[in-house]
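Heads up: the sequence shown at position 1 corresponds to 217 in the numbering used here, and the numbers run straight through without jumps.
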Amino acid sequence: MQRRQGVCASTGRRFIFEAVLLVLLVLGGGAILDAQVNTATLSGTVFDPQNLAVKGAKVTLTNAATGATRNAVTDDSGRYNLVGIPPGRYKMTVDGGPSLAPYENASIVLTVGESATFDPRLQLGGIEQTVTVSAETATIETTKTEVSDTVEQRRIENLPINGRNYINFTLTNSQTTRDMAPTIGPAPDSGLNIAGARARGNMVSVDGADAVDNSVNGIRSTISQEGVQEFQLILSNYNAEYGRATGGVVNIVTKSGSNEFHGDAFGYFRNKAFQARNAFSGAVDPTTGALDPVKQAYTRTQSGLTFGGPLRKDQTFYFFSYEYTQREETGFSSIGIDNFGMQSVTLPTPGGPLPVELTGAQAAAFNALLSSGVPSLQNLGVRYGVFMGSASSVALNRLDFGAVAQGFGFPNPGPGARFPIPVACPAGMAVNAVECGPSSFGLAPLPASYVGLNSIRGNYPVM
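Given below as structure tokens:
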């Protein structure tokens, strides 16, 4: 009995060990797949002085900041391939055997998402001879057809941006523009139109992890600008590894520690004492009627620091980033005292009277056309957009002076007939040029002539 219990206990421990190992393999595999997005790949062919491929050459890539190494051995065709390499500066050494001199190149720079190709060429070896390359080495990307741009550390450090939002550096690319939708609030988007695509179609990743909201595609991550090492902006033709993006891809890599202690600190302060009074504030002294000379509240304070270094040389590192922002600002409404000459007008619609705002010139032009006595001008149409969710919710998008078939047509009442704005009508009734009628469609489908449009309200020209 004791032996059977021992066997059962041993089997149970083995099952737990295998289960834990399986979980680690699954999680580790997922991390490796995600990491491919924010790393680089370096491949190439090792040649000898006669331009022949060198088989069995040992290729070593060493990170200049952390000392981490990656190794590869060339195949029968002299090719090597190193994948999953963190962006940064590297030193490459190649050992082609006793007849070839060791090769060393300390100026290879890899960027995020890059698939670079570099072909080292070895020389015949002598006694204690080493070929060293110290000039900047250009790598060639031959395996991808994507259109992309890399925002490197120098650009992030040297270009000033208002608000210290690192995403704004994508606007340095000519194919990226700012989206006018809000980037904060209950349903924000990425704030970027990349290559003409909608802002909700972009994908943003930070260190290989998805950093956008799954429902509205707003950016979730709030990394300090000082903590960003570099990022890649992919405009089109990107690989399937970027998943569900229909617009552009912003691929971000954060800073990390190294074998050297490094850090920085910054501060920014702006106060109303250093700036002029806002000319659009419109604040008036109630006693004198003159503009109030008092400046409106405005204070912005931004500060932060970063610090990194080694816990154990060539093995374990740390990096810390902190940023603080405080804002006290005064907002202004640009609505004029006289509403910029706009007047409230109630237009007749099939779903009921609709209040809109028109200028005096617009209303006069509309009335003049309807009372001109010219049949071609009297036979006008007004196009409405009716929201299907409610029979009483009607929105005017524009006044359409086209054929009657284009929208709700006012019957031609004949020469000299007038249809002034506004037109009074009994409550619950809609009006056209001749008569009042029911203002409700009930649940019946809307006629095809009532075209659904996107605008709810605004300034609607009639010419």
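All residues carry an ideal CB built from backbone N, CA and C; glycine is no exception.
The structure displayed is predicted, hence computed values, not measured ones.
In whole angstroms, what separates the C-alpha of residue 411 from that of residue 322? Indexing the sequence shown from 1 puts residue 411 at position 195. Indexing the sequence shown from 1 puts residue 322 at position 106. Counting only the Cα atoms, residue 322 lies some 37 Å from residue 411.
Can you name, in chain order, every residue of its own chain whose Cβ lies under 6 Å from the Cβ of residue 366, other than the five neighbours on each side? Locating residue 366 in the sequence shown gives position 150, where the first residue counts as 1. Sequence-distant Cβ neighbours of residue 366 in its own chain, meaning closer than 6 Å and more than five residues away, are 327, 448.
Got a sec, what are the start and stop residues for the alpha helix (DSSP H) residue 279 sits in? Translated into the one-based positions of the sequence shown, residue 279 becomes position 63. That residue, residue 279, is in no alpha helix (DSSP H); its beta strand (DSSP E) goes 274 to 279.
Beta strand (DSSP E) segment containing residue 297, residue limits: Position 81 of the sequence shown holds residue 297. 295 to 301 is the extent of the beta strand (DSSP E) around residue 297.
How should residue 484 be labelled, buried or exposed, when 16 other C-beta atoms within 10 angstroms of its C-beta is the threshold for buried? Taking the sequence shown and counting its residues from 1, one reaches residue 484 at position 268. Exposed: under 16 other Cβ atoms inside 10 Å.
Just to confirm my understanding: we take residue 524, look at its own chain, exclude 5 residues before and 5 after, and list those with CB closer than 8 Å. What are they? To locate residue 524, count along the sequence shown from 1; it is residue 308. Taken in chain order, the residues that qualify are 471, 472, 473, 474, 477, 478, 479, 533, 534, 535, 536.
Our contact map puts residue 420 next to residue 469 with C-beta atoms below 8 Å; I'd like the distance itself, whole angstroms only. Position 204 of the sequence shown, counting from 1, holds the residue named residue 420. Position 253 of the sequence shown, counting from 1, holds the residue named residue 469. Between residue 469 and residue 420 the Cβ distance is about 12 Å, and since that is not below 8 Å, they are no contact.
Backbone CA spacing between residue 522 and residue 278 [nearest angstrom]: Position 306 of the sequence shown, counted from the start, is the residue given in the question as residue 522. Position 62 of the sequence shown, counted from the start, is the residue given in the question as residue 278. One C-alpha to the other measures close to 25 Å.
Measure the alpha-carbon distance for residue 245 versus residue 546 and round it to whole angstroms. Locating residue 245 in the sequence shown gives position 29, counting from the first residue. Locating residue 546 in the sequence shown gives position 330, counting from the first residue. For residue 245, the predicted model reports a pLDDT of 43, less than 50, meaning its position is unreliable; a value from the coordinates is still stated below. Cα to Cα, the separation comes out at about 51 Å.
Residue 281 to residue 492 span [Cα, whole Å]: Stepping through the sequence shown from its first residue, residue 281 is reached at position 65. Stepping through the sequence shown from its first residue, residue 492 is reached at position 276. Distance between the alpha carbons of residue 281 and residue 492 is about 47 Å.
Count the other CB atoms, across all protein chains shown, that sit within 10 Å of the CB of residue 285; report buried if there are 16 or more and exposed otherwise. As a position in the sequence shown, residue 285 is number 69, starting the count at 1. Looking at its Cβ environment, which holds fewer than 16 other Cβ atoms inside 10 Å, residue 285 is exposed.
Return the first residue and the last residue of the alpha helix (DSSP H) that residue 374 is part of. Numbered from its first residue, the sequence shown carries residue 374 at position 158. That run of the alpha helix (DSSP H) goes 369 to 374.
What number of angstroms, rounded off, separates the C-alpha of residue 636 from the C-alpha of residue 414? For the purposes of this step, residue 636 is taken as residue 420 along the sequence shown, with counting starting at 1. For the purposes of this step, residue 414 is taken as residue 198 along the sequence shown, with counting starting at 1. In this prediction, residue 636 scores a pLDDT of 34, lower than 50, which makes its location untrustworthy; no coordinate-derived value is stated.
CB-CB under 7 Å to residue 311, same chain, minus the five flanking residues each way: which ones, in chain order? Taking the sequence shown and counting its residues from 1, one reaches residue 311 at position 95. The residues are 273, 274, 318.
Keeping to the same chain, check which residues put their C-beta closer than 6 Å to that of residue 515; ignore five residues upstream and five downstream. Position 299 of the sequence shown, counted from the first residue, corresponds to residue 515. Around residue 515: 487, 544.
Start and end residues, beta strand (DSSP E) containing residue 470: For the purposes of this step, residue 470 is taken as the residue at position 254 of the sequence shown. It spans 465 to 470 - the beta strand (DSSP E) in which residue 470 sits, taken as one unbroken run.
Identify whether residue 379 lies in helix, strand or coil by the three-state DSSP scheme. In the sequence shown, residue 379 corresponds to position 163, counting from 1. It is coil, neither helix nor strand.
Can you name the start and end residues of the beta strand (DSSP E) that residue 362 belongs to? For the purposes of this step, residue 362 is identified with residue 146 of the sequence shown, where counting begins at 1. No beta strand (DSSP E) holds residue 362; DSSP gives it neither H nor E.
Beta strand (DSSP E) segment containing residue 514, residue limits: In the sequence shown, counting from the first residue as 1, residue 514 sits at position 298. Taken as a continuous stretch (DSSP letters only), the beta strand (DSSP E) holding residue 514 covers 514 to 528.
Looking at the secondary structure, which residues open and close the beta strand (DSSP E) in which residue 339 lies? Here residue 339 refers to the residue found at position 123 of the sequence shown. Careful: residue 339 lies outside any beta strand (DSSP E) and carries neither H nor E.
Return the chain-ordered list of same chain residues with a C-beta closer than 6 Å to the C-beta of residue 539, the five sequence neighbours on each side being excluded. The count along the sequence shown starts at 1 and reaches residue 539 at position 323. The beta carbon of residue 539 sits closer than 6 Å to those of 440, 520, all from its chain and outside the five residues before and after it, given in chain order.
List the residues that DSSP assigns as beta-bridge partners of residue 426. Sequence index remark: in the sequence shown, residue 426 carries index 210 (1-based). Bridge partners of residue 426: 421.
What are the partner residues of residue 392, as DSSP defines its beta bridges? Taking the first residue of the sequence shown as position 1, residue 392 is located at position 176. Answer by DSSP bridge pairing, in chain order: 410.
Straight-line CA distance for residue 442 to residue 369? Against the sequence shown, residue 442 aligns to sequence position 226. Against the sequence shown, residue 369 aligns to sequence position 153. Cα to Cα, residue 442 sits roughly 10 Å from residue 369.
Minimum Cβ-Cβ distance from residue 395 to chain D less than 7 Å: Absent from the structure: chain D. Only one protein chain is present.
Give the straight-line distance between the Cα atoms of residue 287 and residue 391, rounded to the nearest whole angstrom. Indexing the sequence shown from 1 puts residue 287 at position 71. Indexing the sequence shown from 1 puts residue 391 at position 175. So the alpha carbons of these two residues sit roughly 39 Å apart.
Please list, in chain order, all residues of the same chain as residue 376 whose beta carbon is under 7 Å from its beta carbon, the five residues on each side excluded. As a position in the sequence shown, residue 376 is number 160, starting the count at 1. Its chain contains no residue whose beta carbon lies nearer than 7 Å to that of residue 376 once the 5 sequence neighbours on both sides are disregarded.
Tell me where the beta strand (DSSP E) around residue 316 begins and ends. To locate residue 316, count along the sequence shown from 1; it is residue 100. Segment: none, residue 316 is in no beta strand (DSSP E) and carries neither H nor E.
Rounded straight-line distance, which links the Cα of residue 461 to that of residue 628: Counting from 1 along the sequence shown, the entry for residue 628 is found at position 412. Counting from 1 along the sequence shown, the entry for residue 461 is found at position 245. Here the model assigns residue 628 a pLDDT of 35, short of 50, so the residue's position is not dependable, and the following value carries that caveat. The straight-line gap separating the alpha-carbon atoms of residue 628 and residue 461 is approximately 52 Å.
Tell me whether residue 476 sits in a helix, a strand or coil according to DSSP, three-state version. Counted from its first residue, the sequence shown places residue 476 at position 260. Residue state, collapsed to three classes: coil.
Does the beta-carbon of residue 394 have 16 or more other beta-carbons within 10 angstroms, so that it is buried, or is it exposed? Residue 394 sits at position 178 when you count from the first residue of the sequence shown. Exposed.
Label residue 297 either buried or exposed according to how many other C-beta atoms from any shown protein chain fall within 10 Å of its C-beta, with 16 as the threshold for buried. Counting from one through the sequence shown, the residue named residue 297 turns up at place 81. With fewer than 16 other Cβ atoms within 10 Å, it is exposed.
With C-beta atoms as the reference, is residue 463 less than 7 Å away from residue 418? The sequence position of residue 463 within the sequence shown is 247, counting from 1. The sequence position of residue 418 within the sequence shown is 202, counting from 1. Yes, the Cβ-Cβ distance between residue 463 and residue 418 is below 7 Å.
For residue 315 and residue 265, I'd like the C-alpha separation in whole angstroms. One-based indexing of the sequence shown puts residue 315 at position 99. One-based indexing of the sequence shown puts residue 265 at position 49. Their Cα atoms are separated by approximately 11 Å.
Status (buried if at least 16 other CB within 10 Å, exposed otherwise) for residue 403: Here residue 403 refers to the residue found at position 187 when the sequence shown is read from its first residue. The residue is exposed, with fewer than 16 neighbouring Cβ atoms inside 10 Å.
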